[in-house]
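Let me begin by presenting the structure, written as structure tokens, before commenting on it.
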Amino acid sequence: MAKVVVMPKLGLTMTEGTVSKWLKKVGDPVKSGEPFFEVETDKLTNTIEANAEGVLRHIFVEEGVTVPVLDKVAIIAAADEDISGLVSAAPAAAAAPAAAAAAAPAGEANSVLVIGGGPGGYVAAIRAAQLGGKVTIIERDSFGGTCLNRGCMPTKAMLHTSEIYEAATSSAGIGIIGKDVAVDWEKVQGFRAGVVEKLTSGVKALLRLNKVTSVTGEAVFTGPKTVKVGDKEYSAEKVIICSGSYPIIPGIPGLKGSKATIDSTACLSLDHIPESMVVIGGGVIGLELGSVYRRYGSRVTVVEMQPRVLPLMDGELTMLCEAKLRGEGLEILTSTSVVSVEDTGKGAKVKVKGPDGEKVLDAEKILVAVGRGPNTKDLGLDKAGITVKDGFIQTNEKQETNVPGVYAVGDCTGKLMLAHAAMAMGEVAAENAMGGDRIFKPEMSPSCAYVGPEFAGVGYTEERAKELGIAYKVGKFPTSGSGRSLVAGHTDGMIKILAGEKYGEILGVHILAPSATELIEEAALAIKLECTVKEFVETIHCHPTVAESVREAALNIDKKAIHIPNK
């Protein structure tokens with residue numbers, strides 16, 4: 003019997019929904035309970051399961067169309083069943099979705115044009131719209147940028163699945179014995195793709211909710227505040243450039259043309275777990291993705307030119323992190339460079355040169371993670387008169403370029419190539435574009451890496467404080483002294499705090515511990531508010547938590563720590 007599928011009511015306040023994607027096409031067989039179509043609301047994206055079996059015979063609502071709840075969206079019926087009565091009884095087909103708002107004409111008051119829909123771009127667009135701006139955002143690929151589509155979020159999804167697998171196979175010591183644990187790689191990749199889809203759909207919904215006009219295509223400047231997308235021009239009173247970055251492939255002989263070479267984007271969507279992998283670059287990206295595949299059983303070697311991995315993080319904690327990663331089975335070669343790459347039948351031979359001379363590494367895959375370059379080459383910035391240095395757009399502390407009313411944020415500026423920094427810059431640029439007076443302070447931005455189990459820092463490292471001649475005191479607390487860390491099995495980390503020698507103001511906090519990326523925000527706030535050690539330690543922390551270890555490190559500055567000997 004034919005089944006009419008309607009727009010579901012997914013919450014008490016939901017009145018309408020948008021069919022963002024059909025997961026079946028007309029003529030496809032449908033099974034009850036399998037994913038059928040996706041619905042966007044102003045809050046989130048939901049995958050709707052089929053509530054009947056048969057064949058998808060008719061679609062009333064095309065992708066991108068918004069209809070009230072309980073309106074008909076499709077018919078599921080037997081292949082030979084007569085559905086003419088149901089189709090003819092349906093209301094007229096919904097009109098194509100209207101744009102959130104008309105693109106602002108040239109020079110219109112409060113008009114803002116945002117180029118790039120990554121973390122910096124979509125945040126800038128939403129913030130400008132909240133402040134009354136008539137905003138148009140142009141994205142050449144997928145909203146969410148590198149972070150949501152090819153970077154932060156899919157990497158964290160892969161890290162999560164690999165951590166679950168490792169816990170399931172390595173917990174016999176605490177009485178948890180996982181028998182016949184296996185990896186379904188297709189489902190692992192499906193989980194990653196599902197996370198990406200939900201987040202990017204959410205960004206599009208937020209833009210629509212804030213009445214931001216979205217345009218798909220590549221923007222090229224034709225003047226200071228005018229761009230062309232295809233054969234159409236867009237102009238605005240203010241422009242915010244958020245064009246992002248791309249992974250660099252260095253000119254190592256044989257590397258670029260090797261069939262084994264992959265960048266971080268390709269590494270996320272491999273069709274199988276490689277037997278071996280050489281990672282060129284011991285920064286955050288290389289260590290995180292290297293750790294993922296090491297947990298899944300790949301033989302992974304990280305090659306880093308610098309004397310240590312994570313060269314911008316605190317040196318002492320980095321050495322602890324490096325030792326832990328080595329102990330887990332990750333081979334790390336520091337002070338080592340890649341000389342050449344030569345393809346073989348099963349991958350490639352990677353010749354490296356280090357302190358002990360040259361040697362050859364066999365690798366099925368070579369992940370290149372040496373850094374990123376700015377996506378500015380094809381923007382036509384010369385037509386806008388915008389100053390660029392080594393490809394990076396130059397801005398002041400208000401994120402404004404040399405052209406008044408034109409701003410730039412995120413990776414394309416080279417200030418701090420982190421998604422959360424891009425978001426902060428986006429808010430600053432949007433508020434200034436709308437008449438505000440805010441500045442971006444990169445020194446207030448935390449950095450993090452999801453290794454060891456987590457590593458985060460904000461403010462001065464000891465190396466930087468010494469370089470600047472700043473007098474400081476240090477407090478440390480090992481995670482071996484934390485009950486919560488002991489339970490979690492992470493007792494080889496440390497929390498370190500730097501404070502001014504004279505006044506005791508917090509200068510830097512560095513955490514190698516479980517949940518370090520969540521704990522660092524307290525430290526960032528302390529630095530922003532010029533908190534002293536005395537004020538910090540007078541703040542009560544919950545027990546048992548890793549957070550109380552941060553307080554213990556602060557107590558140790560003045561040799562007052564309770565749960566370790568004060569040396």
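Per our numbering: the sequence shown = residues 3 to 569. Ideal Cβ positions, reconstructed from N, Cα and C, are used throughout, including at glycine. On a predicted model such as this, the values are computed, not experimentally measured, just so you know.
Taking residue i as part of the alpha helix (DSSP H), name the residues at either end of that continuous run.
i, result
"G292", "V286 to R297"
"Y505", "From DSSP, Y505 is part of no alpha helix (DSSP H); its letter is neither H nor E."
"S449", "Where S449 is concerned, there is no enclosing alpha helix (DSSP H), although the beta strand (DSSP E) it sits in stretches over S449 to A451."
"K530", "A518 to K530"
Residue i CB to nearest chain B CB: under 8 angstroms?
i, result
"Y295", "The structure shown contains no chain B; it is built from a single protein chain."
Tell me which residue opens and which closes the beta strand (DSSP E) that residue i is part of.
i, result
"S22", "E18 to W24"
"V476", "Y474 to P480"
"D364", "G359 to A365"
"S345", "The residue you asked about is not Ser; residue 345 is Asp in the sequence shown. Taken as a continuous stretch (DSSP letters only), the beta strand (DSSP E) holding D345 covers S339 to T346."
"I178", "It is not in any beta strand (DSSP E) - I178 carries neither H nor E in the DSSP assignment."
"L257", "Careful: L257 lies outside any beta strand (DSSP E) and carries neither H nor E."
"T303", "R301 to V305"
"N48", "T47 to E51"
"T224", "A221 to G225"
"M279", "S278 to I282"
"T138", "K136 to E141"
"F457", "F457 to G461"
"I192", "Rather than Ile, the amino acid found at residue 192 in this sequence is Gly. Counting along the chain, G192 falls outside any beta strand (DSSP E), though it belongs to the alpha helix (DSSP H) covering W187 to L211."
Nearest-angstrom Cα distance between residue i and residue j?
i, j, result
"R553", "T534", "12 angstroms"
"Y474", "A501", "5 angstroms"
"I566", "G483", "7 angstroms"
"T378", "G147", "15 angstroms"
"I78", "L25", "14 angstroms"
"R194", "L209", "23 angstroms"
"R152", "M307", "25 angstroms"
"P276", "I368", "10 angstroms"
"M425", "C269", "25 angstroms"
"A52", "V8", "11 angstroms"
"G438", "A127", "15 angstroms"
"C323", "G329", "10 angstroms"
"L381", "V408", "14 angstroms"
"N404", "T389", "6 angstroms"
"T43", "V63", "15 angstroms"
"A80", "A4", "7 angstroms"
"V476", "I542", "21 angstroms"
"I472", "N568", "23 angstroms"
"K331", "R297", "Note that residue 331 is Gly in the sequence shown, not Lys. Going from the Cα of G331 to the Cα of R297 covers about 9 angstroms."
"K385", "V125", "26 angstroms"
"A170", "G180", "5 angstroms"
"P406", "V116", "15 angstroms"
Can you list, in chain order, the residues of its chain with a C-beta nearer than 7 angstroms to that of residue i? Leave out the 5 residues immediately preceding and following it.
i, result
"P309", "T336 and S337"
"E55", "V32, K33 and S34"
"R142", "G219 and E220"
"G356", "L335, S337 and T338"
Beta carbon of residue i, beta carbon of residue j: below 8 angstroms?
i, j, result
"V190", "G256", "no"
"A207", "T138", "no"
"E360", "V354", "yes"
"A556", "P448", "no"
"G246", "L327", "no"
"P121", "G393", "no"
"G135", "M446", "no"
"C149", "A421", "yes"
"I242", "V114", "yes"
"V21", "V67", "yes"
"G317", "T157", "no"
"T47", "G204", "yes"
"K11", "L72", "yes"
"V341", "I282", "no"
"C450", "I559", "no"
Less than 6 angstroms between C-beta atoms, sequence neighbours within five positions excluded: which residues of the same chain meet that for residue i?
i, result
"S260", "V343, D345 and A350"
"S551", "F479, S484 and I497"
"T49", "P37 and E40"
"I508", "A501, A528, I529 and C533"
"G284", "V304, E306 and V311"
"V280", "T303, V352, L363, A365 and I368"
"N212", "I128 and A131"
Give me, in chain order, the residues of the same chain whose beta-carbon lies closer than 8 angstroms to that of residue i; leave out the 5 immediate sequence neighbours on both sides.
i, result
"A104", "Low local confidence applies: a pLDDT of 48 at A104 is under 50, so the model's placement there is unreliable, with the coordinate-based value given in what follows. Answer for A104: T215, listed in chain order."
"K562", "V539 and N568"
- Message: Within 8 angstroms, do at least three Cβ pairs link the segment 278-293 to the segment 387-403?
- Response: no
- Indicate whether the contact test is met: 3 or more Cβ pairs, each with one atom in the segment 444-459 and one in the segment 509-525, closer than 8 angstroms. yes
- Using 8 angstroms as the threshold, is the segment 213-226 in touch with the segment 300-315, meaning 3 or more CB pairs across them? no
- Message: Under 8 angstroms: do the segment 228-237 and the segment 414-424 share three or more Cβ pairs, one atom per stretch?
- Response: no
- Query: Between the segment 367-384 and the segment 246-253, do three or more beta carbon pairs fall short of 8 angstroms?
  - Reply: yes
- Is the segment 417-437 in contact with the segment 492-500, if contact means three or more CB pairs nearer than 8 angstroms? no
- Specify whether the segment 535-550 and the segment 465-472 touch according to this definition: at least 3 beta carbon pairs, one from each stretch, less than 8 angstroms apart. no
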